Amino acid sequence: AHPWRGIIAEYASRLPFDPSQPAITLGEGGTPLLAAPALSELTGADIYVKVEGANPTGSFKDRGMTTAISRVVAEGAQAVVCASTGNTSASAAAYAVRAGLRCIVALPAGKIAAGKLAQAIVHGAELLQVDGNFDDCLRLVRELADAYPIALVNSVNPYRLQGQKTAAFEIVDALGRAPDIHALPVGNAGNISAYWMGFNEYAGRTTATSFADESARQGAVVDTVPAMWGFQADGAAPFVKGEPIEAPETIATAIRIGNPASWDYACAARDDSGGLIEAVTDAEILDAQALLAREVGVFVEPASAASVAGVIKKAREGKVPRGALITCTVTGNGLKDTATALGDAELETTTVPAHLATAAAALGF
Ligand code: F0G
2 AHPWRGIIAE
12 YASRLPFDPS
22 QPAITLGEGG
32 TPLLAAPALS
42 ELTGADIYVK
52 VEGANPTGSF
62 KDRGMTTAIS
72 RVVAEGAQAV
82 VCASTGNTSA
92 SAAAYAVRAG
102 LRCIVALPAG
112 KIAAGKLAQA
122 IVHGAELLQV
132 DGNFDDCLRL
142 VRELADAYPI
152 ALVNSVNPYR
162 LQGQKTAAFE
172 IVDALGRAPD
182 IHALPVGNAG
192 NISAYWMGFN
202 EYAGRTTATS
212 FADESARQGA
222 VVDTVPAMWG
232 FQADGAAPFV
242 KGEPIEAPET
252 IATAIRIGNP
262 ASWDYACAAR
272 DDSGGLIEAV
282 TDAEILDAQA
292 LLAREVGVFV
302 EPASAASVAG
312 VIKKAREGKV
322 PRGALITCTV
332 TGNGLKDTAT
342 ALGDAELETT
352 TVPAHLATAA
362 AALGF
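Going by UniProt numbering, the sequence shown opens with residue 2, and the numbers climb by one from there.
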């Protein structure tokens, strides 16, 4: 027995790293897989949420950043760059500190939740606020990484997906089997591709993003894979439209993306798993976020709730098989974006003197 050591050490046999090389880690992974009885009751399925907001910087990005940055260090680069809707930049900034690297982040100006911007700033990243959206930022940083000695750590870096696939391993390890359906939000589409790789490698198979045969040759842990259900925000749903979107818009700024980089991998995950990629409205996202907070006890950021919103929507359509084992990834921590969570709600606070009888009266006792 040992304390959790981060995903590179925990899943060493299934990741492309030499175990004798020190990993750049903040102890990511090992996140809770929580039963969600309120959701099970609502949908008639058996629902669990994978709480990725419990990672060190508050999102699933840490799984891919430990692998991407460890690789950058092994290759001897001195600086990293990424485009981000906020979480990737927060994670890159923190792991760059661990590695002693310069970190540059390109962000769509005015469209980053305050908590995420704070993370990039406190970790000392160099901010490029770009007059444009995420897709413009990604194009810019690809050009920067091509022209200058800066390593790109967006999910187009294959080491990112290698790390992110470990969430699928953890789910299967926790359940003792693969779920029937796995639901997650889709933005740039790296994560759905990574999970699909992870579930397949645990079933002894590879996908297009697998590295040679490193993980699959470790053998099968289970013999099934889930159907992959991806959910986008209505105003930013290129997979639903079937082509890129020029001006994506959604309250879920983390997935405000019109031209996903991992397009083909995500389509393969959807089609080869017998799954789907659909859209949910901003209102459905906010409802699911509120339900998770009030009835499950998990505070997630809006984009994270798209997975749960999607499963609820499918249940209302009668498309959720009764009793199915469904896992939903909730991707990021609600503390990153408290403004959206509170919305227009006036905080009903009563200030009372520190006096028992008055406090008791205010509480209705
Ligand atoms: N959920 C959250 C909280 C995210 O931050 C992201 C992506 C996604 C879901 C979608 O994952 O892109 O792999 O399909 N955020 C990126 C960022 C784009 O810059 O932080 P995806």
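No residue lacks a Cβ here, since even glycine has one placed at the ideal position from N, Cα and C. Just so it is clear, the structure is predicted and the values come from calculations on it, not from any experiment.
Legend entry - Proximity below 8 Å, CB of SER90 to CB of VAL74: No, the Cβ-Cβ distance between SER90 and VAL74 is not below 8 Å.
Legend entry - Distance cut-off 7 Å: ILE122 Cβ against heavy atoms of the ligand F0G: Outside the cutoff, so no.
Legend entry - Residues bridged to ASP273 [DSSP beta-bridge criterion]: In the DSSP assignment, no residue is bridged to ASP273.
Inset, instruction - Output the distance between the C-alpha atoms of GLY65 and ALA24, rounded to the nearest integer angstrom. - result: Going from the Cα of GLY65 to the Cα of ALA24 covers about 12 Å.
Legend entry - Where VAL73 falls: helix, strand or coil (DSSP): It is helical.
Inset, instruction - Mind listing, in chain order, the continuous alpha helix (DSSP H) runs of no fewer than 4 residues lying wholly within the segment 273-299? - result: With a minimum length of 4 residues, the continuous alpha helix (DSSP H) runs that stay inside the segment 273-299 are 283-292.
Legend entry - Residue range of the unbroken alpha helix (DSSP H) whose run includes GLY311: For GLY311, the enclosing alpha helix (DSSP H) has its first and last residue at 307-317.
Legend entry - Stretch pair the segment 116-124 + the segment 144-159: three plus CB contacts closer than 8 Å: Counting Cβ pairs under 8 Å, fewer than three are found: no touch.
Inset, instruction - Could you tell me which residues DSSP pairs with GLN130 in its beta bridges? - result: For GLN130, which the question treats as bridged, DSSP gives the partners LEU108.
Inset, instruction - Buried or exposed for GLN233, please, with buried defined as at least 16 other CB atoms from any protein chain shown within 10 angstroms of its CB. - result: By the 10 Å Cβ count, GLN233 comes out buried.
Inset, instruction - Tell me, please, which residues DSSP counts as bridged to PRO239. - result: In DSSP, PRO239 forms no bridge with anything.
Inset, instruction - Determine the contact status of ILE193 and ALA267, defining contact as a CB-CB distance below 8 Å. - result: Taking 8 Å as the cut-off, the beta carbon of ILE193 is found closer than this to the beta carbon of ALA267.
Legend entry - According to DSSP, residues forming a beta bridge with CYS83: Bridge pairing for CYS83: VAL106 [DSSP].
Inset, instruction - Could you tell me whether any non-hydrogen atom of the ligand F0G is closer than 7 Å to the CB of VAL154? - result: Checking every heavy atom of the ligand F0G against the Cβ of VAL154, none is found closer than 7 Å.
Legend entry - Contact set for ALA100: own chain, Cβ-Cβ below 6 Å, skip 5 residues either direction: If we look at ALA100 and ignore the five residues flanking it on each side, its Cβ neighbours are ILE25, ILE70, VAL74.
Inset, instruction - Indicate, with yes or no, if the ligand F0G has a heavy atom lying under 7 Å from the CB of GLU144. - result: GLU144 Cβ: outside cutoff for every heavy atom of the ligand F0G.
Legend entry - Straight-line gap, GLY326 to THR32 (C-alpha atoms, nearest Å): Looking at the sequence itself, residue 326 is Leu, so the reference to Gly does not match. Cα-Cα distance, rounded: 19 Å.
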